[in-house]
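K.L.:
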Amino acid sequence: MSNKDAHWEKTRNHMFVTLVLWFFFSIVIFMFGSELNTMSFLGYPLAYYMTAQGSLLAFVIILFWCTGKQEDIDEEFGYAEREED
Amino acid sequence: MFKGGFIQNLPKIYGLYTGGFAVFILLMAVAESAGVSAKNIGVMFVVFTVGIYAFIGYLSRTVQVDAYYVAGRQVPTVFNGMATAADWMSGASFVALAGGVYFGGYTYMAFLVGWTGGYVLVATLLAPYLRKFGCYTVPDFIGTRYGGNLVRACSVFVLFIASFTYVTAQINATGTIASRALGIPFELGVWIGLISILICSMLGGMRAVTWTQVAQYIVLIVAYLLPVFWISSKVGGGVFPHLMLGDEVARLGELEQQFGLVKNSAADMKAAGVPGGLKYISGPHSAVPDGGMAVWKYLSLAICMMVGTASLPHILMRYFTTPSVKSARRSVAWSLFFIFLLYSSAPMLATLSKLSLMDPNLATGIIGKSIADVQAIEWVQRWSEVKQVFIADFNGDGILQLNEFFMRGDVVVLATPEVAGLPFVISGLVFAGGMAAAMSTADGLVLAISNALSHDIYYKIIDPKADTAKRLIVARVLLVIIGAAGAYIASFRLTSILGSVAWAFDFAMSGLFFPLVLGVWWKRATREGAIAGILAGISSGLVYLLYVYPKFSVAIWGVAHDPWLGIDHLRFGMIGAPICLVTMVVVSLMTKEPDAATQKMVDDCRVPTGKAVLGKQH
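Top line first, the protein sequences correspond to chains A and B.
The opening residue of the first sequence carries number 1144 in the numbering used here; numbering runs sequentially from there.
The opening residue of the second sequence carries number 27 in the numbering used here; numbering runs sequentially from there.
1) Is there a C-beta anywhere in chain B that falls below 8 angstroms from the one on A/Asn1180?
2) So, does the CB of A/Asp1217 fall closer than 8 angstroms to a CB anywhere in chain B?
3) Can at least three beta-carbon pairs, one atom from the region 226-233 of chain B and one from the region 94-111 of chain B, be found at a separation below 8 angstroms?
4) In whole angstroms, what is the alpha-carbon distance linking B/Ile508 and B/His481?
5) Pull up the distance between the alpha-carbon of B/Asn175 and that of B/Pro490, whole angstroms please.
6) Just list the residues that DSSP pairs B/Pro589 with in beta bridges.
7) Using 8 angstroms as the threshold, is the region 525-538 of chain B in touch with the region 587-605 of chain B, meaning 3 or more CB pairs across them?
8) Closer than 7 angstroms by beta-carbon distance: list the chain B residues that pair up with A/Leu1206, in chain order.
9) With which residues is B/Lys646 paired in a DSSP beta bridge?
10) Three-state secondary structure (DSSP) at B/Ser119?
11) List the endpoints of the continuous alpha helix (DSSP H) containing B/Phe71.
12) If distances are taken between C-alpha atoms only, which option among B/Gly215, B/Ile393, B/Pro253 comes closest to B/Ser205?
13) Which of the three DSSP states, helix, strand or coil, is assigned to B/Phe28?
14) Strictly below 8 angstroms CB to CB, what residues from chain B border A/Leu1200?
15) Flag this pair as yes or no: are the beta carbons of B/Leu152 and B/Ile475 separated by less than 8 angstroms?
16) Short check: CB of B/Tyr145 to CB of B/Ser353, under 8 angstroms?
17) Might you give, ordered along the chain, the residues of its own chain that have their beta carbon closer than 7 angstroms to the beta carbon of B/Phe28, omitting 5 neighbours on each side?
18) Quick test of the definition: if touching needs 3 or more C-beta pairs under 8 angstroms, does the region 120-133 of chain B touch the region 59-77 of chain B?
19) Can you give me the Cβ contacts of B/Arg356 inside the same chain, cut-off strictly under 6 angstroms, excluding the 5 residues immediately before and after it?
20) When the distance is taken between beta carbons, is B/Ile365 closer than 8 angstroms to B/Ile397?
21) Taking 8 angstroms as the cut-off, decide whether the C-beta atoms of B/Phe420 and B/Ala298 are in contact.
22) Buried or exposed: B/Gly678, going by 16 or more other Cβ atoms within 10 Å of its Cβ?
23) Ignoring anything shorter than 4 residues or poking outside the region 367-443 of chain B, list the alpha helix (DSSP H) runs there in chain order.
24) Is there a Cβ of chain A sitting closer than 8 angstroms to that of B/Tyr155, yes or no?
25) Which residues in chain A sit within 9 angstroms of B/Gly263, going by Cβ to Cβ distance?
26) Can you tell me where the alpha helix (DSSP H) with B/Pro339 in it begins and where it stops?
27) Give me the chain A residues within the contact set of B/Leu269, using Cβ-Cβ distance strictly less than 7 angstroms, ordered along the chain.
28) Can you confirm whether A/Asp1228, when its beta carbon is compared against all beta carbons of chain B, has any partner nearer than 8 angstroms?
29) Output the distance between the C-alpha atoms of B/Leu269 and B/Arg632, rounded to the nearest integer angstrom.
30) Is it right to say A/Glu1219 is buried, meaning 16 or more other beta carbons lie within 10 angstroms of its own, or is it exposed?
31) Check A/Asp1228 in the structure and name its three-state DSSP category.
32) Report the partner residues of A/Tyr1187 according to the DSSP bridge assignment.
33) State the DSSP-derived secondary structure class of B/Phe167, mapped to helix, strand or coil.
34) Along chain A, in chain order, which residues have C-beta atoms closer than 9 angstroms to that of B/Val321?
35) With a Cβ-Cβ cutoff of 8 angstroms, do B/Ser382 and B/Ala292 count as a contact?
36) Give me the subset of the region 341-357 of chain B whose CB atoms are less than 9 angstroms from a CB atom of chain A, sorted by chain position.
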């Protein structure tokens, strides 16, 4: 497998992992809204907290993590850009 | 001379600007205590901030094609994040979001998840690859990847429908805020709003819009967060409301039990003469409604908003302006962070505002009090005069019940500072923030439409030999025409026929999401597949919208139809996008595999380094 193909395979897998996390925080937890609301976090009902703040925060964290990881992948295969570009 | 130093000095420049803005707020506070009227303070806030945006727009004028279309591709990561956040957060986000949460509670907050979660799709599926491609506009990518004028024109068509639906609402919001703050008629407010929008974008295109959007972000975030924190500490919600309102949310649940959540019949509301657009609380704040249908409605709305976010051209094109692929990807994360600051505050504002009106133990509480007393309150009188607040006494007991108090959603943001007894300088600041939010989004949208028309239709299809000067003249003329068309529709209050801004997301999702994503992720996708997919997606979405939206379906079929599987007019992308995907895949597999040059193009856009597919000037 060429360097380019190996890079793309790893990038693609990384994309799938990111989208699984995204799917969990945007869809899966809200499938169980009523159940989650019986628990509480910071004094808020959990499903309310997630839709008001928790999932939003999770997306921010996922994105910074995903970006950093992708930069490592690009670096590993020698595709990192020079800063002056 | 100015440009070279400008990029390096950005943090200093915007730091000074923020400091200057803080000084201005303090000056206004001093002016208020010296007896300057509330109205004049509102006028000064709007005139001062809009004046600054216009000045930035003038300084950023350009005669370069790549500066006009993509800000010369030199916008640093974090600043592009701020500009995108301003581009993203519309007048509706600013003035109506908290109101939506106030009335809709948990169910409405699917919008919050949808309008943030979409950025994960932008960063993983699209932004870095489109940046590497080196296109000027979104249709530029589709036209080059699939090849041919027809597919390019189809994508411009979808872009036009989606963005134009959105832009009239923004110009409408600009006009509403300008007319309230300046005390002028709405129609005049719309045209003044349009002129402000055009000054920011006409001379410098994307470059001017970028630097004004950064300035607008700073104004709008200060204007949103300052009142939220202030009100919270004032009404005893704690100094950091985001982490401290657990008790208040629980208390709202108790009060809902105590007052009862009653649904008014349409006949009662009509008999009482409730003005259009005013709402009352009929759903729970934090409780999750029961049943599979409620879950499905929540999820389908979130999906439409997420996928729509990842297809809206005015957002995607912001990531064409960064210096590198890495910086495009990273700036998506920053955009979401800056958006998060406002979106996570909206439910807190809604909670505080709801509690201060509902809790009879608080001095500000009005529910459960005598209607005569409530009608004597100054802010109730002021907002009732302009038909933004309305009180009915359905059961005739003289006591205000939860279902008897009507309010327009915007009032939550615009009046809460006043209700909580904050000085008027805060209300003036909120006007400036709303104006900044509406203007920045309108600028991005008008530019997205006119750039697609001038670059993709005029230059790429009609006159490929046009020189730079001519291209930029055409771009500017189109900008004015699109803006004027939007303002014309807004000034005649025809916006109600365009329905909700959610439609823009559904249109974009129906016609653009899969052609964009498969263009990068599936080499086998062909031109014929893309054309068929775009047309099938947008037309099925549109037909379903006509079918399901009562106003349209009554006009066409004479009857209103029930939504199919709960997919109402806010969610018609759930029909369009899957049809687009299936059509595109089937037709692609039936047609000849793309040639080697196209496959190489896709390979090239998948790696961050190397030359862009499209040249620097094209």
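From the three backbone atoms N, C-alpha and C, an ideal C-beta is built for every residue, glycine too.
P.N.:
Quick look at the numbers:
1) yes
2) yes
3) yes
4) 15 angstroms
5) 12 angstroms
6) B/Pro589 pairs with nothing; no bridge assigned.
7) yes
8) Tyr145, Val146, Ala149, Val358, Ala359, Leu362
9) This structure cannot speak to residue 646 of chain B, because chain B is shown only from 27 to 644.
10) helix
11) 64-85
12) B/Gly215
13) The predicted model places B/Phe28 with a pLDDT of 48, which falls under 50 and marks its position as unreliable, so this point remains unresolved.
14) Phe366, Ser370
15) no
16) no
17) For B/Phe28, the predicted model reports a pLDDT of 48, less than 50, meaning its position is unreliable; a value from the coordinates is still stated below. Once the five neighbours on either side are set aside, B/Phe28 has no close Cβ partner at all.
18) no
19) Thr103
20) no
21) yes
22) Residue 678 of chain B falls outside the range modelled here, since chain B spans only 27 to 644, and no answer is possible.
23) 372-384, 397-401, 404-411
24) no
25) Result: empty, since nearest Cβ-Cβ is about 12 angstroms, beyond 9 angstroms.
26) 339-342
27) Leu1185
28) Low confidence applies to A/Asp1228: its pLDDT is 43, below 50, so where it sits in the model is not reliable enough to give any reading.
29) 41 angstroms
30) exposed
31) Unreliable positioning characterises A/Asp1228 in this predicted model, as indicated by a pLDDT of 43, which lies under 50. A coordinate reading is not provided.
32) A/Phe1184
33) helix
34) Phe1173, Met1174, Phe1175, Gly1176, Ser1177
35) no
36) Pro349, Ser350, Val351, Lys352, Ser353, Arg355, Arg356
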